[in-house]
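**Student:** All residue numbers for the sequence shown refer to numbering that gives the first Met the number 0, where the first residue is 0 and numbers rise by one.
Mind looking over this structure? Questions follow.
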Amino acid sequence: MAIIGKTPSPAPSCPSSAAYATSQKIHPRGVKGTFRSLKWWASVVLLAYWHLAPFIRWDRGPGAPSQAILADMAGRRAYFFFIEIWPQEIYYLTGMLFIAAISLFLMTSLAGRIWCGFLCWQTVYTDLFVAVERLVIGERNQRLAFDRAPMSPAKLGKKALVNLIWAGIAAACGIGFTLYFGDAFETLTEIFTGEASPATYGAIAVVGGMCFLLAGYAREQVCIYMCPYARFQSAMFDEHSLIISYEAWRGEARAPAPANRDFSDRGHCVDCLACVQACPTGIDIRNGNHLACIGCGLCIDACNQVMDRFGLPRGLVSYDSAANLAARGENRQTGFRILRPRTLVYGGILAVVSSVMLFRLTTRPDVDVNILHERAPLFVQMSDGSIRNGYVYKVLNMKAEDRTFTLNLSGLEGATIDVVGGESGATSAEMQVSRDSVGSFRLYVTAPAAKVASKSMPVTFVLSAPGREVRTETLFAGPEK
Numbered sequence: 000m001a002i003i004g005k006t007p008s009p010a011p012s013c014p015s016s017a018a019y020a021t022s023q024k025i026h027p028r029g030v031k032g033t034f035r036s037l038k039w040w041a042s043v044v045l046l047a048y049w050h051l052a053p054f055i056r057w058d059r060g061p062g063a064p065s066q067a068i069l070a071d072m073a074g075r076r077a078y079f080f081f082i083e084i085w086p087q088e089i090y091y092l093t094g095m096l097f098i099a100a101i102s103l104f105l106m107t108s109l110a111g112r113i114w115c116g117f118l119c120w121q122t123v124y125t126d127l128f129v130a131v132e133r134l135v136i137g138e139r140n141q142r143l144a145f146d147r148a149p150m151s152p153a154k155l156g157k158k159a160l161v162n163l164i165w166a167g168i169a170a171a172c173g174i175g176f177t178l179y180f181g182d183a184f185e186t187l188t189e190i191f192t193g194e195a196s197p198a199t200y201g202a203i204a205v206v207g208g209m210c211f212l213l214a215g216y217a218r219e220q221v222c223i224y225m226c227p228y229a230r231f232q233s234a235m236f237d238e239h240s241l242i243i244s245y246e247a248w249r250g251e252a253r254a255p256a257p258a259n260r261d262f263s264d265r266g267h268c269v270d271c272l273a274c275v276q277a278c279p280t281g282i283d284i285r286n287g288n289h290l291a292c293i294g295c296g297l298c299i300d301a302c303n304q305v306m307d308r309f310g311l312p313r314g315l316v317s318y319d320s321a322a323n324l325a326a327r328g329e330n331r332q333t334g335f336r337i338l339r340p341r342t343l344v345y346g347g348i349l350a351v352v353s354s355v356m357l358f359r360l361t362t363r364p365d366v367d368v369n370i371l372h373e374r375a376p377l378f379v380q381m382s383d384g385s386i387r388n389g390y391v392y393k394v395l396n397m398k399a400e401d402r403t404f405t406l407n408l409s410g411l412e413g414a415t416i417d418v419v420g421g422e423s424g425a426t427s428a429e430m431q432v433s434r435d436s437v438g439s440f441r442l443y444v445t446a447p448a449a450k451v452a453s454k455s456m457p458v459t460f461v462l463s464a465p466g467r468e469v470r471t472e473t474l475f476a477g478p479e480k
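Following this line, the structure appears as structure tokens:
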């Protein structure tokens, strides 16, 4: 094939003539192909997870929640199968968010906005809502004609049916959200019997309402304007990142299909606009990379169908890198470089943070201690001259069994420990703490005045149980010496 003229320069991603343009509703054309099938399978898996995961059971023993994935707000704990997160371990959530962010960066550097095109909830639900429109109203041309038609009872009825189905899908989305915050079976029963709390119905309304508005009406506006990811994604690309690409060296100069189907002296692009019509954000990928491109690959399927019709090689629009496009245009060898500085940095960070998180989760203690020294007064001098300090000693038992702990004091010779409601005058004390709960104990430490060397002495409480010892430093107050 002879190449006619030079490859045209890509048009700018965004129009620069105006700061604001009225939104035009986009009706994407239905296509069939590899990426369309991948998107449907991804949607099925994600929606199945969203709605069914709360029903997975996980035995944690008697008295503990049996739901595998649960954010127990009343119990102030989060569960994910064998992992249990307590309020003071909120840093694990920070770590998980950091891992998610780095994973997204790595994914983008390798394959562009594949998250947006296949895995983002906005994309999944927008796809579903468009499918409803296609089922009720028809294909793209029918929907365009439907929008232009004057209002009539038939049009009003179809609009009402579309919005009714949308509302049902959105309500299911909201219900799915609430099932992660209480036992799924009980919560679902309460929702449909009217016995759920106002907070539950409020959450369904908020989440479902957002789903209805964003997937039904905002659609591509979310991806282009509301989501910041489109704005900073270019900072994660390099010349080896796989993105939706148009082979301009092969497609130009574009022109309508020749009657004799002879492409020997022209480009392969027949200017049919199939790629534009299939795009859910309405861009023309032939003009170059665009911030509105979500990397869904539907334009690839649309173009491949056209190429098949004319007996031309597939891949005029494809997932490819800028380096490969340039090499292919010059008949040089192409390839995909996974290992490069950007991906090695992202991969290294991900490996380190994930390893630290895993190590912390597998080696974290199953007991935590908090000590509060009484300040009014700091100390009391007893009738025999000894010095007494008061403390509130809290023990968090994170094991699924009742435990008995022994408390000793180190660093203050001759001191005794008195637990309110327990044994007094002993050098140690026993504390019983129920499973998965906090035991709060008021205790007094009394020491001979001769052993209190200063007005503020460091002492160490030693809490011990079979296989576990927790040492916590605090201060013992006394009179000026």
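By construction, the Cβ of each residue, glycine as well, lies at the ideal position given by its N, Cα and C atoms.
Under 8 Å: do the segment 432 to 446 and the segment 327 to 341 share three or more Cβ pairs, one atom per stretch?
**Tutor:** Short answer: they don't touch.
**Student:** Helix, strand or coil: how does DSSP classify Asp307 here?
**Tutor:** DSSP places Asp307 in helix when its eight states are reduced to three.
**Student:** When the Cα of Phe378 is compared with those of Pro465, Gly424, Ala448, Met397, which residue comes out closest?
**Tutor:** Taking only the C-alpha atoms, the option nearest Phe378 is Ala448.
**Student:** Could you check whether the Cβ of Thr362 sits closer than 7 Å to any heavy atom belonging to the ligand FMN?
**Tutor:** This structure lacks the ligand FMN, and indeed carries no ligand of any kind.
**Student:** When the distance is taken between beta carbons, is Arg56 closer than 8 Å to Ala47?
**Tutor:** No; because the gap between Cβ atoms is not below 8 Å, this pair is not in contact.
**Student:** Report yes or no: do three or more beta-carbon pairs, one from the segment 62 to 81 and one from the segment 178 to 187, lie closer than 8 Å?
**Tutor:** A contact exists between the segment 62 to 81 and the segment 178 to 187.
**Student:** Looking at Glu472 and Val461, is the spacing between their C-beta atoms short of 8 Å?
**Tutor:** No, Cβ-Cβ distance for Val461 and Glu472 is not below 8 Å.
**Student:** Considering Ile84, what are the terminal residues of the beta strand (DSSP E) in which it resides?
**Tutor:** Start and end: 82 to 84.
**Student:** Using the DSSP secondary-structure output, state which residues sit across from His372 in a beta bridge.
**Tutor:** For His372, which the question treats as bridged, DSSP gives the partners Tyr390.
**Student:** Mind the definition here: the segment 99 to 110 touches the segment 219 to 239 only if three or more C-beta pairs lie below 8 Å; say whether that holds.
**Tutor:** At 8 Å Cβ cutoff, the stretches touch.
**Student:** In three-state DSSP terms, what is Gly94?
**Tutor:** Residue state, collapsed to three classes: helix.
**Student:** Is the Cβ-Cβ distance between Met397 and Tyr91 less than 8 Å?
**Tutor:** Not closer than 8 Å, so no.
**Student:** Quick one, are the C-beta atoms of Leu297 and Arg35 less than 8 Å apart?
**Tutor:** Contact flag set, yes.
**Student:** In chain order, what residues of the same chain lie with their CB nearer than 6 Å to the CB of Ala301, ignoring the 5 residues before and after it?
**Tutor:** So the list reads Val30, Ala273, Cys274, Ala277, once near-sequence residues are dropped.
**Student:** Would Gln121 and Cys222 be called neighbours here (beta carbons separated by less than 8 Å)?
**Tutor:** Result yes, Cβ atoms of Gln121 and Cys222 sit closer than 8 Å.
**Student:** What residue does the beta strand (DSSP E) around Met430 start on, and which one ends it?
**Tutor:** Counting along the chain, the beta strand (DSSP E) containing Met430 begins and ends at 427 to 432.
**Student:** Does the distance from the CB of Lys450 to the CB of Pro478 come in under 8 Å?
**Tutor:** Contact: no.
**Student:** Please name the residue, chosen from Leu338, Asn388, Ala399, that lies closest to Gly60 on a Cα-to-Cα basis.
**Tutor:** Of the candidates Leu338, Asn388, Ala399, the one whose C-alpha sits nearest the C-alpha of Gly60 is Ala399.
**Student:** State the DSSP-derived secondary structure class of Met72, mapped to helix, strand or coil.
**Tutor:** Met72: coil per DSSP, three-state reduction.
**Student:** Among the residues of its own chain, which have a CB less than 8 Å from the CB of Lys154, if the five just before and after it don't count?
**Tutor:** For Lys154, where only same-chain residues beyond five positions count, the Cβ hits under 8 Å are Phe145, Ala148.
**Student:** Please determine if the segment 300 to 318 and the segment 345 to 356 are in contact, where contact requires at least 3 C-beta pairs separated by less than 8 Å.
**Tutor:** Segments in contact, no.
**Student:** Which of helix, strand or coil does DSSP assign to Met356?
**Tutor:** Of the three classes helix, strand and coil, the one that applies to Met356 here is helix, per DSSP.
**Student:** When you compare only the Cα positions, how much space is there between Pro152 and Pro197?
**Tutor:** Roughly 37 Å separates the two Cα atoms.
**Student:** Give the straight-line distance between the Cα atoms of Cys210 and Ala202, rounded to the nearest whole angstrom.
**Tutor:** Roughly 12 Å separates the two Cα atoms.
**Student:** Less than 8 Å between the beta carbons of Ile293 and Gly94, yes or no?
**Tutor:** Taking 8 Å as the Cβ cut-off, Ile293 and Gly94 do not qualify as a contacting pair.
**Student:** Is DSSP giving Leu178 helix, strand or coil here?
**Tutor:** Correct three-state label for Leu178: helix.
**Student:** Thinking C-beta only, is Pro27 closer than 8 Å to Tyr123?
**Tutor:** Sequence check: residue 123 is Val here, not Tyr. The answer is no: Cβ separation not under 8 Å.
**Student:** Give the straight-line distance between the Cα atoms of Ala99 and Ser353, rounded to the nearest whole angstrom.
**Tutor:** Distance between the alpha carbons of Ala99 and Ser353: 10 Å.
**Student:** Would you report the Cα separation of Ile242 and Leu324, rounded to the nearest angstrom?
**Tutor:** Looking at the two C-alpha atoms, the distance is approximately 11 Å.
**Student:** Hey, would you say Thr459 sits closer than 8 Å to Asp417, going by beta carbons?
**Tutor:** It is not a contact, given that the beta carbons lie outside the stated cut-off.
**Student:** What are the uninterrupted segments assigned as alpha helix (DSSP H) that are 4 or more residues long and contained completely in the segment 314 to 358, given in chain order?
**Tutor:** Qualifying alpha helix (DSSP H) stretches, in chain order: 321 to 328.
**Student:** Determine the DSSP secondary structure at Met456, reduced to helix, strand or coil.
**Tutor:** Met456 falls in the strand class under three-state DSSP.
**Student:** Check Asn407 in the structure and name its three-state DSSP category.
**Tutor:** It is a strand residue.
**Student:** In the DSSP output, what is Asp417 paired with across the bridge?
**Tutor:** Answer is Tyr443.
**Student:** Give the straight-line distance between the Cα atoms of Ala63 and Lys393, rounded to the nearest whole angstrom.
**Tutor:** Using only the alpha carbons, I get a separation of about 22 Å.
**Student:** Where does Val366 sit, in a helix, a strand or coil, going by DSSP?
**Tutor:** Correct three-state label for Val366: strand.
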